[in-house]
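First residue of the sequence shown: 3, per this note's numbering; consecutive thereafter. Even glycine gets a Cβ: it sits at the ideal position worked out from N, Cα and C. In what follows, a structure is listed as structure tokens, so that the remarks can point back to it.
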Amino acid sequence: MGRRRVATRVKGCLKRQGIETLYIEPGSPWQNAKGESFNGRLRDECLNVEWFGNVREADLLVESWRRHYNEARPHSSLGYRTPSEFYAVYEQKEMDLKTARI
């Protein structure tokens, strides 16, 4: 199934649920600052630093960078915690709320 067909089906499903999507114009990074920030980091810290000999090597190196970014690297927007640490705190708070409701 092509990308446009998938996107059309996803948009249809969201519309039936009463969820509106936002359109980001191509070439308008200011409309998606978080995505652009991530893309810039990926390019600066991984793609511009590594020399990929083949697709398999690129896959392994990018996956290694992704794991480091999500599991080991502190993010200022998360109180200088890793996303994994931040999620663990979130999960604990959710469990506390569920326990308090019982």
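Sequence ranges, beta strand (DSSP E) only - wholly within the region 54-79, length at least 3: none
Boundaries (first-last residue) of the alpha helix (DSSP H) holding R83: As a position in the sequence shown, residue 83 is number 81, starting the count at 1. Element bounds for R83: n/a, residue is neither H nor E.
L62 versus R103: straight-line alpha-carbon distance, rounded: In the sequence shown, residue 62 corresponds to position 60, counting from 1. In the sequence shown, residue 103 corresponds to position 101, counting from 1. For L62 and R103, the distance between alpha carbons rounds to 44 Å.
Length of the line joining the Cα atoms of R68 and H77: Taking the sequence shown and counting its residues from 1, the one referred to as residue 68 is at position 66. Taking the sequence shown and counting its residues from 1, the one referred to as residue 77 is at position 75. Those two C-alpha atoms are separated by around 13 Å.
For Q19, which of helix, strand or coil comes out of DSSP? Position 17 of the sequence shown holds residue 19. Here Q19 sits in coil by DSSP.
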